[in-house]
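Okay, so here's the structure we're looking at.
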Amino acid sequence: MAQPLTDPTRIAASAADFTARRQPDPLTPKSWLGHRAREMRLHLERIRKPAALKRAVFFPNTAESCGSANLRAYELATALEPCGWRTTVVPAQLERSQRQRILDLEKPDIAVMQKGRNPLNWPDYYTTTAKWVFDLDDADYKTPEQAVQCEVNCKLAHMVTAGSQNVATWCRQFSKNVHVVWTGHPMPAARPTVRPSKRNAIVAWAQSDSMKYRDEAAIVQRAMIDAADAAKPTTFTFRLYGVRPETRDEANAYLQPLRDAGLTCETREFMPNNDFVASLNEVAIGLHILAPTSDFAEGKSFGKVLAYLAADVPIIASDLHENPHFFKHRVNGMLVKSHEQYVEAVRELVRDGNLRDTIADAGHASFRDELSIEAIAKRTDHLFRSLLAAPTRNES
């Protein structure tokens, strides 16, 4: 069993990091003005909204364009409005006094800390009558300084929403009121015009920073080399996402054994979500690989899966952690447990365009029903209203 993540020895080892994390960066004149401009825009948006609704304020951990802050704060807040909520998302850059002012003026019923990570995302920094919700969708508690912030948020929250079963299990050490809420994604206005069976045979592995995921990268590399041989005479292209300027040389070295095996390889840099989804419209097969040896894989759920689904990309997923709670093998995806199964799944999907279409269609239906931002908003609406009806902290 892993060592408790909030063990005092681990916390003490990073006490300096923890202390620094509670301090925001020093203000410059430019940032001071920028923060006031952001707050002014927020107030202008806020006063235009209907007054006689339940109110929720979100504190995302980072900027709107970034990952879970975009989907679990900004997009979710927008999707909650048709459910009868007046929502406000506070830019992550705003100072503590600005955040308190927004709470004082808005008087929310619910206040959501979307992750820790931000040095101001601590409920005890603020005075409000709102019920606090802590939202955690990654295994941030795997790092000692983040474990402290996650633990404090869980203890102070009236409710915790976790992005996966594993994250929920960790949070339940500190809260009795923990619920799994998957990350949602907006449904595209229209499905891609090119069916998976008609796309070029591109197999993609999508990560935000692929060279950071060394255990997963090793699994993918080995599987692609063997799949190139197994799929013959059919050929395919391997596309690696999340190649940063500083990791380009490392990525090229990583891809060289695949090229030596006869694969055509291409790379894509990290890009905004809309551009990312658009680029996936060219892809025939998507890989969602989790390494059992990776601590942080424990907290992963459906990050890049959402983009694959939005682009009608059939998915090969590791039969691990949260994946089997969503995927059904050969129905809405391919679940694989071993190297041999990775290779066989790639071989079969590369060769069988009809199977790609069938899996993509089932994946689209599952996406709509379980992972669309509208579906997640309905679940969140129910949880928030249940919380408001409950009299005490941390009770189901």
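Whatever position you read off the sequence shown (first residue = 1), add 156 for the numbering used here. All residues carry an ideal CB built from backbone N, CA and C; glycine is no exception.
Any chain C beta carbon closer than 8 angstroms to residue i
i, result
"Cys421", "In the structure shown, chain C cannot be found, because there is only a single protein chain."
Residue i versus residue j - alpha carbon distance
i, j, result
"Lys287", "Tyr297", "23 angstroms"
"Arg252", "Asn277", "9 angstroms"
"Ala545", "His538", "11 angstroms"
"Phe523", "Val487", "13 angstroms"
"Glu406", "Ala374", "13 angstroms"
"Ala346", "Asn226", "21 angstroms"
"Arg400", "Asp431", "16 angstroms"
"Glu307", "Phe330", "7 angstroms"
"Thr449", "Tyr369", "11 angstroms"
"Trp188", "Asn309", "27 angstroms"
"Lys311", "Val359", "43 angstroms"
"Arg503", "Lys484", "19 angstroms"
"Leu161", "Asp513", "Here the model assigns Leu161 a pLDDT of 38, short of 50, so the residue's position is not dependable, and the following value carries that caveat. About 43 angstroms."
"Ala383", "Tyr498", "8 angstroms"
"Gln256", "Ser364", "33 angstroms"
"Arg204", "Thr244", "11 angstroms"
"Ala318", "Gly455", "9 angstroms"
"His481", "Leu183", "45 angstroms"
"Ile532", "Ala233", "11 angstroms"
"Asn510", "Pro428", "31 angstroms"
"Thr285", "Lys263", "8 angstroms"
"Ala516", "Arg424", "23 angstroms"
"Val334", "Ala362", "30 angstroms"
"Asp525", "Met380", "32 angstroms"
"Cys421", "Asn408", "9 angstroms"
"Lys210", "Gly272", "25 angstroms"
"Ser567", "Gln377", "The requested residue 567 does not occur in the structure, where the chain is confined to residues 157 to 552."
"Thr299", "Val323", "14 angstroms"
"Pro352", "Thr218", "34 angstroms"
"Pro279", "Glu372", "35 angstroms"
"Glu551", "Pro180", "The pLDDT assigned to Glu551 is 46, lower than 50, so where the model puts this residue is not dependable; a value taken from the coordinates is nonetheless given after this. Cα-Cα distance, rounded: 33 angstroms."
"Gly223", "Glu500", "31 angstroms"
"Gly489", "Pro348", "18 angstroms"
"Gln254", "Lys493", "49 angstroms"
Bridge-paired residues (DSSP) for residue i
i, result
"Gly272", "Partner(s): none; Gly272 has no beta bridge."
"Thr243", "Ala212"
"Trp288", "Ala267"
"Glu422", "Arg395"
"Ile441", "Val359"
"Asn492", "Rather than Asn, the amino acid found at residue 492 in this sequence is Val. Answer is Ser474."
"Val336", "Ala318"
"His191", "Per DSSP, none; premise fails for His191."
"His341", "Ser528"
"His485", "Gly489"
Which of helix, strand or coil DSSP assigns to residue i
i, result
"Met380", "helix"
"Ala171", "With a pLDDT of 44 at Ala171, under the threshold of 50, the modelled position of that residue is not reliable, and the figure given next carries that caveat. Here Ala171 sits in helix by DSSP."
"Gly509", "helix"
"Leu564", "Beyond the ends of the chain as shown, which are 157 and 552, falls residue 564; an answer cannot be given."
"Ala318", "strand"
"Ser528", "strand"
"Arg166", "For Arg166, the predicted structure reports a pLDDT of 40, less than 50, and the residue's modelled location is therefore unreliable. A value from the coordinates is still provided. Note: Arg166 maps to helix in three-state DSSP."
"Ser353", "helix"
"Ser542", "helix"
"Thr536", "helix"
"Tyr498", "helix"
"Ala158", "Unreliable positioning characterises Ala158 in this predicted model, as indicated by a pLDDT of 32, which lies under 50. The coordinate reading is nonetheless provided below. In this structure, Ala158 counts as coil in the three-state DSSP scheme."
"Ser364", "coil"
"Ser552", "Per-residue confidence for Ser552 stands at a pLDDT of 41, beneath the threshold of 50, marking its modelled position as unreliable; no derived number is given."
"Gln329", "coil"
"Ser156", "This structure gives no information on residue 156, because the portion of the chain shown stretches from 157 to 552."
"Glu251", "coil"
"Tyr282", "coil"
"Pro185", "helix"
Whole-number beta carbon distance between residue j and residue i, since they are thought to touch under 8 angstroms
i, j, result
"Ala235", "Glu530", "6 angstroms"
"Leu478", "Ser221", "Sequence check: residue 478 is Glu here, not Leu. Not quite, the Cβ-Cβ distance comes to about 24 angstroms (not below 8 angstroms), so this is no contact."
"Asp385", "Ala357", "Rounded, the Cβ-Cβ distance is 15 angstroms, inconsistent with contact."
"His444", "Ala467", "At roughly 13 angstroms, the Cβ-Cβ gap does not stay under 8 angstroms, so His444 and Ala467 are not in contact."
"Val469", "Leu436", "6 angstroms"
"Phe458", "Leu543", "Actually they are not in contact, since the Cβ atoms of Phe458 and Leu543 sit about 24 angstroms apart, beyond 8 angstroms."
Cβ pair residue i, residue j closer than 8 angstroms
i, j, result
"Pro247", "Leu198", "yes"
"Ala229", "Pro238", "no"
"Asp475", "Ala295", "no"
"Thr325", "Asp293", "no"
"Ala267", "Leu259", "yes"
"Val439", "Arg507", "no"
"Leu414", "Phe394", "yes"
"Gly442", "Tyr410", "no"
"Asp291", "Gln270", "yes"
"Arg535", "Val337", "yes"
"Val289", "Ala313", "yes"
"Pro342", "Glu231", "yes"
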